[in-house]
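In the working numbering, the protein residues as written are 11 to 263. Note that CB positions come from ideal geometry on N, CA and C, so glycine has one too. Treat the numbers as computed from the prediction; the structure is a model and nothing was measured. Worksheet: one structure, shown below.
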């Protein structure tokens, strides 16, 4: 296995294999891929992987092991109000997050954005649930660019109720409980890995090499887990209770 710029033929081979594995539900060791993409290729290849249904302008923000801001498309995206149900897979993980929808564009620019600029661009705030499942047994530990092409493991997102802007404050650590049927699977304060849910969005907005039009008005961005990654042993109904937020539930079938 190599970690060099992929030729077009090698890139097509990687994409076809990711599509096959996603469709079959099979997970494999990263070493089963003969070649890996490099960081410069990962966004282009991610967008070439076919997805069922319409792509929406919805993204997750994160940070690579080297500290580089990255994004991956959320798909499928469904809304709680539409009767939220997604498919469950063995080895699926759940992350409860805060998502924001931009009311105005954050174009690439030479001078850095400040946190206040991000706040000013946000139109609405939501509670959301991300389903995480990747074809790679090691996730991004062996080849982060390949994991990135697999959309950082995104396997669907449920957009939940509107939240007040107070949930964007770094001091906000509301009590969060998650139930799977009658079982409690999380009960602790909600806390982002950086202590501020806007950190990774701000970092990405300040990335000059990003696509110029990705953070346009109407874009939905989910900001990172508040509860770690919770293994889901089975499907069913999940009830999310976060202090100060409306009730939120969804189903995995």
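Here the segment 54 to 63 makes no contact with the segment 136 to 149; the two share fewer than three CB pairs at distances below 8 angstroms.
Between residue 262 and residue 246 the beta-carbon gap is near 7 angstroms, inside 8 angstroms, which marks them as a contact.
In the DSSP assignment, residue 56 falls within the unbroken alpha helix (DSSP H) covering 52 to 58. Around residue 128, the same chain offers 116, 208, 211, 212, 215 as residues with beta carbons nearer than 8 angstroms, after the five sequence neighbours per side are excluded.
In this structure, residue 68 lies near residue 84, with their beta-carbon atoms less than 7 angstroms apart. Counting C-beta pairs closer than 8 angstroms gives three or more between the segment 144 to 152 and the segment 34 to 47, which meets the contact rule. Its chain contains 133, 134, 230 as the residues whose beta carbon lies nearer than 6 angstroms to that of residue 111, once the 5 sequence neighbours on both sides are disregarded; these appear in chain order.
In the displayed model, residue 105 falls within a strand according to three-state DSSP. Secondary structure of residue 166 (DSSP, three-state): strand.
In the structure shown, residue 247 adopts extended strand secondary structure according to DSSP, grouped into three states.
The beta carbon of residue 218 sits closer than 7 angstroms to the beta carbons of 118 from its chain, once the five residues preceding and following it are set aside; these are given in chain order. Runs of the beta strand (DSSP E) spanning 3 or more residues and lying entirely within the segment 186 to 238 occur at 193 to 199, 230 to 235, in chain order. Residue pairing for residue 80: DSSP places it in a beta bridge opposite 72.
Counting of Cβ neighbours within 10 angstroms places residue 17 among the exposed residues, the total staying below 16. In the DSSP annotation of this structure, the continuous segment of the alpha helix (DSSP H) that includes residue 131 starts and ends at 125 to 131. Residue 261 sits in a strand when the DSSP states are folded into three classes.
The C-alpha of residue 183 is placed about 9 angstroms away from the C-alpha of residue 253. Its chain contains 112, 113, 114, 115 as the residues whose beta carbon lies nearer than 7 angstroms to that of residue 227, once the 5 sequence neighbours on both sides are disregarded; these appear in chain order. Residue nearest to residue 136 within the set 32, 222, 14, 255 is 255 (criterion: CA-CA distance). In the three-state reduction of the DSSP assignment, residue 28 falls in the helix class, which pools H, G and I. By the CB criterion at 7 angstroms, residue 250 and residue 88 fall outside the cutoff. Secondary structure at residue 40: helix, using DSSP grouped into helix, strand and coil. For residue 87, the enclosing beta strand (DSSP E) stretches over residues 87 to 89. The C-beta distance from residue 90 to residue 48 rounds to 38 angstroms, too long to meet the 8 angstroms contact threshold.
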